[in-house]
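**Student:** Pasting a structure below so you can have a look.
In my numbering, the protein residues as written are 4 to 521.
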């Protein structure tokens, strides 16, 4: 009869199924999560018929995108309180809860944390469940007599569930380098999150100072208009009494109209400043913000720390610089990880399960009893994998080293720029403090000169030109003092930002302790 072929070699029909379960530290992602409404998805027929524009000289005619654009509709946001007079800490609180850039940086940090968890999961074994089922029938020719033959009908059903385990025991630091790189990416993302907060604080602070400066200029323009009207009335009174000429009255009226025009011009800039502040905060500029009066902002009178102390703090606490250090450490870990590709990996492999089989033979029309088999199966061993040749390993190492060198140069450049920023803003602040003293003295002298000249004009001892000149010089002195105060506040904020002292909590605490009305 000879040797019959094995059943596995003569299967005609088979049904295979396999399920795989991976045990990972990060867990399973939520299924079916969707952040956008279903109406924002274009119908399949629209996407199917979508084509490029027909010609370059005509605009493309889009389909109905009303539902698709629903994701762009304004979401609910913290509204500004129209009854509240906002100081800088209150504006910072509003910006931190409203500005979308902080949420983007936060999501990047969460993604980096998930990547770090993914890198750590490589230390754990992988457990898989494999199950296979087969049903087969094989007719085998079988000679019964010298003159007659038949066949043997073999039918078999098998089911084999197996649990497989693989655990890498040795990889010469590959996983360790991957975890170190991921952790440094997470550190850089967290520091970048803080740097984004500081940038928003600095932007809000600058927009706040600009708005208060514009409103301060409005006050100066209103005061200038009032004094011009007062001079005009005095000129008209002297004209009615025969003590002034018609050209004097016309000149006084022209100066009053000019002051009114200047007031309208500066008032037009207030709305622009409000829009910029709302944009820096991250809210829509539909409701005007009421902020504290410019005169209530305390002005620093000196710098207690030296420029060297500011530079030391900048290099020790600025989150953007520390983030670049973390990026450099990440690139160094990537170099080590690329180098481990030249070494082998040793893994433990094991499996355990069972074999469940049922078979029946039909010979010449006679059925033999059905046979059942239930036996356990298992196996354990070690697997050593060592790629002897891989053309990409050399280039991966070179790429990692080049990225490390670029990160090192980027860090050096950022450090030099930080030192320059601290030095420049420190010098600007020192100069602004000295200029403010001169501006205050200029305002006092201009006010005294204007009052004396106006009184002399009323008594007929000075000309109208002298009064108008003194009035304009007084207005220019007020503008100079206002701009110098704003410059000092802005340079102080820039110095705090450059030195890393502009953290939201530190700024709010410092502002509430020192920035109070005198």
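Every residue, glycine too, gets a C-beta built ideally from N, C-alpha and C.
If you draw a straight line from the alpha carbon of residue 101 to that of residue 488, how long is it in whole angstroms?
**Tutor:** For the purposes of this step, residue 101 is identified with residue 98 of the chain shown, where counting begins at 1. For the purposes of this step, residue 488 is identified with residue 485 of the chain shown, where counting begins at 1. About 29 Å.
**Student:** Comparing alpha-carbon positions, which option in 359, 381, 132 and 386 lies nearest residue 374?
**Tutor:** For the purposes of this step, residue 374 is taken as the residue at position 371 of the chain shown. Nearest of 359, 381, 132 and 386 to residue 374, Cα basis: 359.
**Student:** With DSSP as the reference, label residue 475 as helix, strand or coil.
**Tutor:** Residue numbering aside, residue 475 sits at position 472 when the chain shown is read from its first letter. In this structure, residue 475 counts as helix in the three-state DSSP scheme.
**Student:** Determine the DSSP secondary structure at residue 440, reduced to helix, strand or coil.
**Tutor:** Position 437 of the chain shown holds residue 440. Here residue 440 sits in helix by DSSP.
**Student:** What are the boundary residues of the beta strand (DSSP E) that residue 350 is part of?
**Tutor:** One-based indexing of the chain shown puts residue 350 at position 347. Residue 350: member of the beta strand (DSSP E) spanning 348 to 366, first to last residue.
**Student:** Tell me which residues share the same chain as residue 97 and place their Cβ nearer than 6 Å to its Cβ, disregarding the 5 neighbours each side in the sequence.
**Tutor:** In the chain shown, residue 97 corresponds to position 94, counting from 1. These residues qualify, in order along the chain: 284.
**Student:** Based on the DSSP secondary-structure assignment, which residues constitute the bridge partners of residue 382?
**Tutor:** Numbered from its first residue, the chain shown carries residue 382 at position 379. According to DSSP, which records beta bridges pairwise, residue 382 is partnered with 354.
**Student:** Measure how close the beta-carbons of residue 195 and residue 108 come, nearest whole angstrom, since I'm counting them as under 8 Å.
**Tutor:** Here residue 195 refers to the residue found at position 192 when the chain shown is read from its first residue. Here residue 108 refers to the residue found at position 105 when the chain shown is read from its first residue. About 6 Å separates the two Cβ atoms, so the contact holds.
**Student:** How would you write the range of the alpha helix (DSSP H) that residue 181 sits in, first residue to last?
**Tutor:** Here residue 181 corresponds to residue number 178 of the chain shown, with the count starting at 1. First-last of the alpha helix (DSSP H) with residue 181: 177 to 243.
**Student:** Taking 8 Å as the cut-off, does the segment 465 to 476 touch the segment 255 to 266 (at least 3 CB pairs, one atom from each stretch)?
**Tutor:** yes
**Student:** Touch check for the segment 338 to 352 and the segment 396 to 403: three-plus C-beta pairs under 8 Å?
**Tutor:** Yes, since at least three Cβ pairs between the segment 338 to 352 and the segment 396 to 403 fall closer than 8 Å, the two stretches touch.
**Student:** Hey, out of 312, 458, 410 and 383, whose CA is closest to residue 501's CA?
**Tutor:** Mapped onto the chain shown, residue 501 falls at position 498. The residue with the shortest Cα to Cα distance from residue 501 is 312.
**Student:** Using 7 Å as the threshold, is the C-beta distance between residue 94 and residue 211 below it?
**Tutor:** Here residue 94 is taken as the residue at index 91 of the chain shown, counted from 1. Here residue 211 is taken as the residue at index 208 of the chain shown, counted from 1. Yes, Cβ-Cβ distance for residue 94 and residue 211 is below 7 Å.
**Student:** So residue 165 packs on residue 154, CB below 8 Å; how close in whole Å?
**Tutor:** For the purposes of this step, residue 165 is taken as residue 162 along the chain shown, with counting starting at 1. For the purposes of this step, residue 154 is taken as residue 151 along the chain shown, with counting starting at 1. Not quite, the Cβ-Cβ distance comes to about 34 Å (not below 8 Å), so this is no contact.
**Student:** Since residue 342 is in the alpha helix (DSSP H), which residue starts that stretch and which ends it?
**Tutor:** Looking up residue 342 in the chain shown gives position 339. Start and end: 322 to 342.
**Student:** Go ahead and label residue 31 buried or exposed: buried means 16 or more other beta carbons lie within 10 angstroms of its beta carbon, across all protein chains shown.
**Tutor:** Position 28 of the chain shown, counted from the start, is the residue given in the question as residue 31. Low confidence applies to residue 31: its pLDDT is 38, below 50, so where it sits in the model is not reliable, and the reading given next is rough at best. That one is exposed.
**Student:** Give every residue of the same chain whose Cβ lies closer than 6 Å to the Cβ of residue 175, excluding the five residues on either side of it in the sequence, and list them in chain order.
**Tutor:** To locate residue 175, count along the chain shown from 1; it is residue 172. Once the five neighbours on either side are set aside, the close Cβ partners of residue 175 are 343 and 346.
**Student:** Under 8 Å by Cβ, that's how I've got residue 249 and residue 242 pegged, so tell me the actual separation to the nearest angstrom.
**Tutor:** Here residue 249 refers to the residue found at position 246 of the chain shown. Here residue 242 refers to the residue found at position 239 of the chain shown. Indeed, because the Cβ distance is near 7 Å, the residues count as touching under 8 Å.
**Student:** Count the other CB atoms within 10 Å of the CB of residue 213; is the residue buried (16 or more) or exposed (fewer)?
**Tutor:** What you label residue 213 is simply residue 210 of the chain shown in a count that begins at 1. Under this definition residue 213 is a buried residue.
**Student:** According to DSSP, what are the bridge partners of residue 524?
**Tutor:** Outside the shown range of the chain (4 to 521) lies residue 524, about which nothing can therefore be said.
**Student:** Check whether the Cβ atoms of residue 491 and residue 204 sit closer than 7 Å, and answer yes or no.
**Tutor:** As a position in the chain shown, residue 491 is number 488, starting the count at 1. As a position in the chain shown, residue 204 is number 201, starting the count at 1. No, Cβ-Cβ distance for residue 491 and residue 204 is not below 7 Å.
**Student:** Our contact map puts residue 336 next to residue 184 with C-beta atoms below 8 Å; I'd like the distance itself, whole angstroms only.
**Tutor:** Taking the chain shown and counting its residues from 1, one reaches residue 336 at position 333. Taking the chain shown and counting its residues from 1, one reaches residue 184 at position 181. About 4 Å separates the two Cβ atoms, so the contact holds.
**Student:** Within a Cβ cutoff of 6 Å, which residues of the same chain sit near residue 51, ignoring the five residues on either side of it in sequence?
**Tutor:** Looking up residue 51 in the chain shown gives position 48. Closer than 6 Å at the Cβ level, and outside the excluded window around residue 51, lies no residue.
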